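Asks: All letters in the sequence shown, in the order written, are residues 4 to 436 by the numbering used here.
Ideal Cβ positions, reconstructed from N, Cα and C, are used throughout, including at glycine.
Every value quoted in this text rests on a predicted model; they were computed, and no experiment measured them.
Here you go, one structure.
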Amino acid sequence: MTLIQKLKKGNVPGYVKNIARCEEVSESFIVDKILKGEVVIPGNPLHKDKRFTAIGSGMNVKINVNIGTSGDRSDIILEKEKIELAEEMEADTIMDLSVGGDICRIRRELISKTVLPFGTVPVYQVAASKQYESGSILGAGESDFFSVLQQQAEDGVDFFTIHAGINFEAVDRIKKSSRVLDVVSRGGALLFEWMEVNQKENPYYKYFERVLEIAQQYDITISLGDALRPGSVFDAGDELQYYETLVIAELIKKAKDFDVQVMVEGPGHVPLHKIEHQIKAIKDMTFNAPLYVLGPLVVDSAAGYDHINAAIGAAIAGYAGADFLCYLTPAEHLCLPDINDVRDGIMAFKIAQQAVNLSRGKRAVLDRELKVSQARKKRDWDEQMKLFLDNKKAMHYRSKLPPSISDTCSMCSKYCSIKIMDGHLSKNTESAL
Ligand code: SF4
């Protein structure tokens, strides 16, 4: 039985009640949002000992960490270290994008390793297994797409990215479009190639009900992938992007008939001035379903710093109403990320997340920010270190050049403005919240 079916019967699981408390909303509010399709809580019961998280309207914005092997590097120890780091840094979900090595074994080991909700892009397994058997995804039959879903469902995957929005008409439109970068989604490009060469409709689109049947049986949340997301700021908001959004809207209606939870994936590369409009338009077109954005990156030229590039876009997207932020690392567009890249990517997105949740007036976030400022005013360095998002890095910098006056720092030293003002004014800041 899916969560939606349970709620329709008036059975509210304990984890939903706990989430309502953590999200500072009432139980009836969150139940109503889930029933309307505006909030999802991914939760395949076969993924044991998992931490549940709510994604969607009225919730804290969440961040996802992508991990996974490639054909050039398949090191499961490294991928496990990435999971440990993501958990330590309090990321909200994990997605395994592995395409190299024994990806079934890797997935099973990674799911059993993490308490975080776990997502995959099943078409990668279709491609990787056919690559091994016959050299390419082109040899895959329609049934292969569904046997992979079944297998991953039995492994305990909590949410699937399914690129069901790329259909024959989309392929036709891609061929006629004047895009700078045609299809940058890996899943989208694989499906485009499979459809083009085999002259067959996308199985996920044609037989979407089969996808939903599996999702229903295992209570898997479907994340409708944006195969046609803009991969250049010059393609943002074009006809292809919005055509796919319309198809996705139709698929959401079908999912409602199956009581399956659904998210929508969004851009991509979007210039700063177009983000707010895009987020609002996509949310409107998709019935306010939870929106999961990849960045978006606000420029195309920041390779090596795409975690910052994307975190800028993510903060604006979150402020405009996006619900779920997929992190990027400095290695984006360049190579498979290592553990330091993952750390930098998570941190950039933790800042975007904190900024968005502050703007949403979330009490725990406001409280932490106020405590930082109060500790800064008192020049209480121990307290500040406890509250910083990355206290290890903060301690490293403070100890790099210790101050000559212990309650200041070596940036201004005796000209510390906070210290100069101290004693001249006496104010109570407790009422700032
Ligand atoms: S010395 Fe300057 S930078 Fe350091 S705490 Fe004081 S005002 Fe801030």
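Whose C-beta lies closer than 6 angstroms to the C-beta of residue 58 among residues of the same chain, with five residues either side of it excluded?
Replies: Here residue 58 is taken as the residue at index 55 of the sequence shown, counted from 1. For residue 58, where only same-chain residues beyond five positions count, the Cβ hits under 6 angstroms are 43, 65, 293, 326, 327.
Asks: Is it right to say residue 249 is buried, meaning 16 or more other beta carbons lie within 10 angstroms of its own, or is it exposed?
Replies: Within the sequence shown, the letter at position 246 stands for residue 249. That one is exposed.
Asks: Just grab the DSSP bridge partners of residue 3 for me.
Replies: The first residue shown for the chain is 4 and the last is 436, placing residue 3 beyond what the model contains.
Asks: Exposed or buried, which one is residue 226 when buried takes at least 16 other CB atoms within 10 Å?
Replies: Reading the sequence shown from its first residue, position 223 is the one you call residue 226. By the 10 Å Cβ count, residue 226 comes out buried.
Asks: Check the C-beta distance from residue 218 over to residue 183 and give it rounded, since I have them as a contact under 8 angstroms.
Replies: Sequence index remark: in the sequence shown, residue 218 carries index 215 (1-based). Sequence index remark: in the sequence shown, residue 183 carries index 180 (1-based). Actually they are not in contact, since the Cβ atoms of residue 218 and residue 183 sit about 35 angstroms apart, beyond 8 angstroms.
Asks: Whole angstroms is fine: what's the gap from residue 354's alpha carbon to residue 202's?
Replies: Reading the sequence shown from its first residue, position 351 is the one you call residue 354. Reading the sequence shown from its first residue, position 199 is the one you call residue 202. One C-alpha to the other measures close to 45 angstroms.
Asks: Less than 8 angstroms separating the Cβ of residue 420 from some heavy atom of the ligand SF4?
Replies: Residue numbering aside, residue 420 sits at position 417 when the sequence shown is read from its first letter. True, at least one ligand heavy atom lies under 8 angstroms from that Cβ.
Asks: Tell me whether residue 33 sits in a helix, a strand or coil according to DSSP, three-state version.
Replies: Counting from 1 along the sequence shown, the entry for residue 33 is found at position 30. Correct three-state label for residue 33: helix.
Asks: Does any C-beta atom of chain D lie closer than 9 angstroms to the C-beta of residue 66?
Replies: Going by chain labels, chain D is absent from the structure shown, which holds only one protein chain.
Asks: Which runs of the alpha helix (DSSP H), 4 residues or longer, sit entirely within the segment 279 to 342?
Replies: If we require 4 residues or more, the alpha helix (DSSP H) runs fully inside the segment 279 to 342 come out as 309 to 323.
Asks: Tell me, to the nearest whole angstrom, how far the beta carbon of residue 47 is from that of residue 222; I am working on the premise that it is less than 8 angstroms.
Replies: To locate residue 47, count along the sequence shown from 1; it is residue 44. To locate residue 222, count along the sequence shown from 1; it is residue 219. Their Cβ separation, rounded to whole angstroms, is 6 angstroms, which keeps residue 47 and residue 222 in contact under 8 angstroms.
Asks: Assign residue 398 to buried or exposed, taking buried as 16 or more other Cβ atoms, counted over all protein chains shown, within 10 Å of its Cβ.
Replies: For the purposes of this step, residue 398 is taken as residue 395 along the sequence shown, with counting starting at 1. Under this definition residue 398 is an exposed residue.
Asks: Distance, Cα to Cα, residue 142 vs residue 171?
Replies: By one-based count along the sequence shown, residue 142 stands at place 139. By one-based count along the sequence shown, residue 171 stands at place 168. Rounded to the nearest angstrom, the two C-alpha atoms are 19 angstroms apart.
Asks: Ignore the nearest five residues each way along the sequence and tell me which others in residue 256's own chain have a CB closer than 6 angstroms to its CB.
Replies: Walking along the sequence shown from the start, residue 256 turns up at place 253. The answer is none, since no qualifying residue turns up.
Asks: Name the DSSP beta bridge partners of residue 65, please?
Replies: The residue labelled residue 65 in the question sits at position 62 within the sequence shown. Looking at the DSSP assignment, residue 65 forms a beta bridge with 327.
Asks: Is there at least one non-hydrogen atom of the ligand SF4 closer than 8 angstroms to the beta-carbon of residue 415?
Replies: Position 412 of the sequence shown, counted from the start, is the residue given in the question as residue 415. True, at least one ligand heavy atom lies under 8 angstroms from that Cβ.
Asks: Kindly list the residues whose CB is nearer than 6 angstroms to the CB of residue 344, restricted to its own chain and excluding five residues on each side of it in sequence; keep chain order.
Replies: As a position in the sequence shown, residue 344 is number 341, starting the count at 1. The answer, listed in chain order, is 332, 333, 334.
Asks: Are the segment 173 to 189 and the segment 69 to 84 in contact at 8 angstroms, needing three or more beta carbon pairs?
Replies: Contact fails: fewer than three Cβ-Cβ distances are below 8 angstroms.
Asks: How far does the beta strand (DSSP E) with residue 226 in it extend, from its first residue to its last?
Replies: Within the sequence shown, the letter at position 223 stands for residue 226. Taken as a continuous stretch (DSSP letters only), the beta strand (DSSP E) holding residue 226 covers 224 to 227.
Asks: Please go through the segment 79 to 151 and give each complete alpha helix (DSSP H) segment of 4 or more residues, from N-terminal end onward.
Replies: Listed in chain order, the complete alpha helix (DSSP H) runs (minimum 4 residues) inside the segment 79 to 151 are 79 to 91, 106 to 116, 125 to 137.
Asks: Can you give me the C-alpha to C-alpha distance between residue 244 and residue 111, rounded to a whole angstrom?
Replies: Against the sequence shown, residue 244 aligns to sequence position 241. Against the sequence shown, residue 111 aligns to sequence position 108. Rounded to the nearest angstrom, the two C-alpha atoms are 34 angstroms apart.
Asks: Can you tell me which of 215, 14, 389 puts its alpha carbon nearest to the alpha carbon of residue 376?
Replies: Along the sequence shown, read from residue 1 onward, the residue named residue 376 stands at position 373. Selected option, being the one with the closest Cα: 389.
Asks: Answer yes or no: the CB of residue 412 versus the heavy atoms of the ligand SF4, is any distance below 8 angstroms?
Replies: Reading the sequence shown from its first residue, position 409 is the one you call residue 412. Checking the Cβ of residue 412 against the ligand SF4 gives yes.
Asks: Would residue 149 pass as a contact of residue 123 if the rule is Cβ separation under 9 angstroms?
Replies: As a first step, residue 149 is located in the sequence shown; it is residue number 146 there, counting from the start. As a first step, residue 123 is located in the sequence shown; it is residue number 120 there, counting from the start. No, the pair does not count as a contact, with Cβ atoms beyond the cut-off.
Asks: CA-CA distance, residue 392 and residue 288?
Replies: Residue mapping note: residue 392 aligns to position 389 of the sequence shown, counting from 1. Residue mapping note: residue 288 aligns to position 285 of the sequence shown, counting from 1. Looking at the two C-alpha atoms, the distance is approximately 35 angstroms.
Asks: Residues bridged to residue 164 by DSSP?
Replies: Counted from its first residue, the sequence shown places residue 164 at position 161. Answer is 226, bridged to residue 164.
Asks: Skipping 5 residues on each side, what residues in its chain have a beta carbon closer than 6 angstroms to that of residue 340?
Replies: Residue numbering aside, residue 340 sits at position 337 when the sequence shown is read from its first letter. Excluding positions up to five away in sequence, the list reads 332, 334.
Asks: Would DSSP call residue 404 helix, strand or coil?
Replies: As a working note, residue 404 is residue 401 in the sequence shown. Reduced to three states, the DSSP call for residue 404 is coil.
Asks: Look up residue 414 in the DSSP assignment and say whether it is helix, strand or coil.
Replies: As a working mapping, residue 414 is identified with position 411 in the sequence shown. Reduced to three states, the DSSP call for residue 414 is coil.
Asks: What separation, rounded to the nearest whole angstrom, lies between the Cα atoms of residue 175 and residue 200?
Replies: Sequence index remark: in the sequence shown, residue 175 carries index 172 (1-based). Sequence index remark: in the sequence shown, residue 200 carries index 197 (1-based). Using only the alpha carbons, I get a separation of about 13 angstroms.
Asks: Between residue 366 and residue 88, which are expected to be in contact by the criterion C-beta below 8 angstroms, what is the C-beta distance as a whole number of angstroms?
Replies: The residue labelled residue 366 in the question sits at position 363 within the sequence shown. The residue labelled residue 88 in the question sits at position 85 within the sequence shown. Their Cβ separation, rounded to whole angstroms, is 28 angstroms, which puts residue 366 and residue 88 out of contact at 8 angstroms.
Asks: Which residue's Cα is closest to the Cα of residue 63: 351, 383, 318, 378?
Replies: Taking the first residue of the sequence shown as 1, we reach residue 63 at position 60. Per the Cα distances, 318.
Asks: In chain order, what are the residue ranges of uninterrupted beta strand (DSSP E) at least 3 long that sit wholly in the segment 351 to 387?
Replies: You should have found no qualifying run.
Asks: Give a single yes or no on whether residue 406 has its beta carbon closer than 8 angstroms to a heavy atom of the ligand SF4.
Replies: Here the question's residue 406 lines up with position 403 in the sequence shown. Within the cutoff, so yes.
Asks: Please list, in chain order, all residues of the same chain as residue 455 whose beta carbon is under 7 angstroms from its beta carbon, the five residues on each side excluded.
Replies: Here the chain covers residues 4 to 436 and nothing more, so residue 455 does not appear.
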